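Enquirer: To start, I am sharing the structure in question, which I have written as structure tokens.
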Amino acid sequence: MPGQMKSVVVAEPKGRWELKDRDVPEVGPNDVLVRVHACGICGTDLWISDGVLTFRDFPIVPGHEAAGEVVAVGEGVTKRKVGDRVGVIMAQKFCGVCDFCREEHPNSFVSAANCANPTLTGVTVDGGHAEYVAVDAGGTVIIPDAVSYESAAPILCAGYTVWAGLRRAEPKPGARVAVSGIGGLGHLAIQFAKAAGFHVTALTHSPDKVETARQLGADEVVADGAALKAAGGADVLLHTNSSHGAVADAMNGLKPWGKVVLMGIGTDELNLPALALTSNSYQVIGSAHNTIEHLVEALDIVASGAVTPVIETFPLERAEEAHARASSGDVRFKAVITY
Ligand SMILES: [Zn+2]
Ligand SMILES: [Zn+2]
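If you use full-length UniProt numbering, the sequence shown corresponds to residues 1 to 339, in order.
Here is the structure:
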């Protein structure tokens, strides 16, 4: 499909998200060409766009929360066809020949972090903030008919992350789940934990987020670990902030044998209360995207109506405004650009 398209292009670290004309990408033999209709802005996009995380030279096209329609497929593609509604995820393809790949692990964030030469959409190659993106068919997932492109987009990274984190913690039926951080990840974590039938306590220091957390489904809203303990404690703490300073305090509300799941991408240090960790047999689990089946589960839960991403949509002409507002933490809760 030759021709030109509009694409977000970031020319330099901390640069603006400018709309440029670019060639529609060529479709390799194992690729699908996706006409993107919506792409979310993830915190990781901001880290990459600002040059905090560096994977390739600028200019870059960010975006790993793209949802759209397959409009062309390479000759070797059998699992997708023209007309499929798909989501484009970050972990697109792995090299297959490095020491890690020889161990034959499933597609996950761990594979993305450990493969010697991974292809990561919007990270190591151009991403989904464009009218078209070409990706390996293995880097896509089918979107249920009941889920709009705009609602699917935030699930492809943020929703995937929080649902996979909850699954990773393997809470028992009836467990008490606490969510710290009521933002792009946290507002979904509250809803997913509630949809799965758990008792949910939200942790936030922002008085203006208390009512919002309740509306999202939190049974209780508390300000710190001591209040969490007084409210009955938690078996699982889903920490969705990219800052880790509050983890040790929140752990004051963790029940014996409790688990902490860290899922925000941050660069700060984490200090843990060693005595409490040992004597309560706590587990601290790092988690991001753990196998695509968790993403499929998350999309199905959204399709059921039990979880609704709260988004602000921006037409592509306002991409830089969306970027600026997301950067300043001004969006409740996820910015989605439509293409
Ligand atoms: Zn992301
Ligand atoms: Zn590899």
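We put the beta carbon where it would ideally sit given N, CA and C, even for glycine. Model, not experiment: these values are computed from the prediction.
#1: Taking only runs of the alpha helix (DSSP H) that begin and end inside the segment 231-279, which ones reach a length of at least 4 residues, in chain order?
#2: Starting from P315, follow its DSSP beta bridges and name the residues at the other end.
#3: In this structure, how does DSSP classify C157 when only helix, strand and coil are distinguished?
#4: Can you tell me whether D126 is buried or exposed, with buried defined as 16 or more other CB within 10 angstroms of its CB?
#5: Quick one: is the Cβ of A116 within less than 7 Å of any heavy atom of ligand 2?
#6: Please look up how many angstroms separate the CB atoms of T240 and V162, rounded, as I've assumed it's under 8 Å.
#7: Among all residues, which have a Cβ less than 5 Å from at least one non-hydrogen atom of ligand 1, and in what chain order do they fall?
#8: If I'm right that A113 touches R176 with Cβ under 8 Å, what's the distance once you round it to whole angstroms?
#9: Report the partner residues of A112 according to the DSSP bridge assignment.
#10: Buried or exposed for F198, going by 16 or more other Cβ atoms inside 10 Å?
#11: Starting from the Cα of V133, find the closest Cα among I337, H323, V27 and V221 and give me that residue.
#12: Cβ of P94 versus every heavy atom of ligand 2: is any distance shorter than 7 Å?
#13: Nearest by alpha-carbon distance to G74: which of A116, D136 and A67 is it?
#14: Buried or exposed: where does P309 fall if 16 or more other Cβ atoms within 10 Å of its Cβ makes it buried?
#15: Mind checking S279: buried by the 16 CB within 10 Å criterion, or exposed?
#16: With a floor of 3 residues, list each beta strand (DSSP E) that falls wholly inside the segment 53-136, ordered by position along the chain.
#17: Beta carbon of F100: closer than 7 Å to some heavy atom of ligand 2?
#18: Give the single residue among P207, L166, G184 and A226 whose Cα lies nearest to the Cα of V200.
#19: In angstroms, rounded to a whole number, what distance separates the CA positions of E104 and K209?
#20: Would you report the Cα separation of F333 and A169, rounded to the nearest angstrom?
#21: Going by Cα to Cα distance, which pick from G139, K14, T44 and R102 is closest to D31?
#22: Please report the distance separating the alpha-carbon of V34 from that of V61.
#23: Taking DSSP's pairing of strands, which residues face Q4 in a bridge?
Expert: So, to answer that:
#1: Counting whole runs of 4 or more residues, the segment 231-279 contains the alpha helix (DSSP H) stretches 247-250 and 274-279.
#2: Assignment of beta-bridge partners to P315 by DSSP yields T338.
#3: Secondary structure at C157: coil, using DSSP grouped into helix, strand and coil.
#4: D126 is buried by the Cβ-count criterion.
#5: Yes, since a heavy atom of ligand 2 falls inside the 7 Å radius drawn around the Cβ of A116.
#6: Correct: roughly 7 Å between the Cβ atoms.
#7: Selection output, chain order preserved: C42, T44 and C157.
#8: The distance from the Cβ of A113 to that of R176 is about 31 Å, inconsistent with a contact at the 8 Å cut-off.
#9: A112 is not bridged to any residue.
#10: With 16 or more Cβ atoms within 10 Å of its Cβ, F198 is classed as buried.
#11: Here the closest residue by C-alpha is V27.
#12: Just to set this straight, residue 94 is Phe in the shown sequence, not Pro. Within the cutoff, so yes.
#13: Closest in alpha carbon position to G74, among A116, D136 and A67, is D136.
#14: P309 is buried by the Cβ-count criterion.
#15: It is exposed - the Cβ of S279 has fewer than 16 other Cβ atoms within 10 Å.
#16: Taken in chain order, the whole beta strand (DSSP E) runs of length 3 or more contained in the segment 53-136 are 66-73, 85-88, 91-93 and 132-136.
#17: Because some heavy atom of ligand 2 lies under 7 Å away, the Cβ of F100 counts as near it: yes.
#18: Closest option to V200, judged by alpha-carbon separation, among P207, L166, G184 and A226: L166.
#19: Near 43 Å, if we compare the C-alpha coordinates of K209 and E104.
#20: The alpha-carbon separation between F333 and A169 amounts to approximately 24 Å.
#21: Among G139, K14, T44 and R102, the Cα nearest to that of D31 belongs to G139.
#22: Answer to the nearest angstrom: the Cα atoms are 15 Å apart.
#23: Paired residues: D23.
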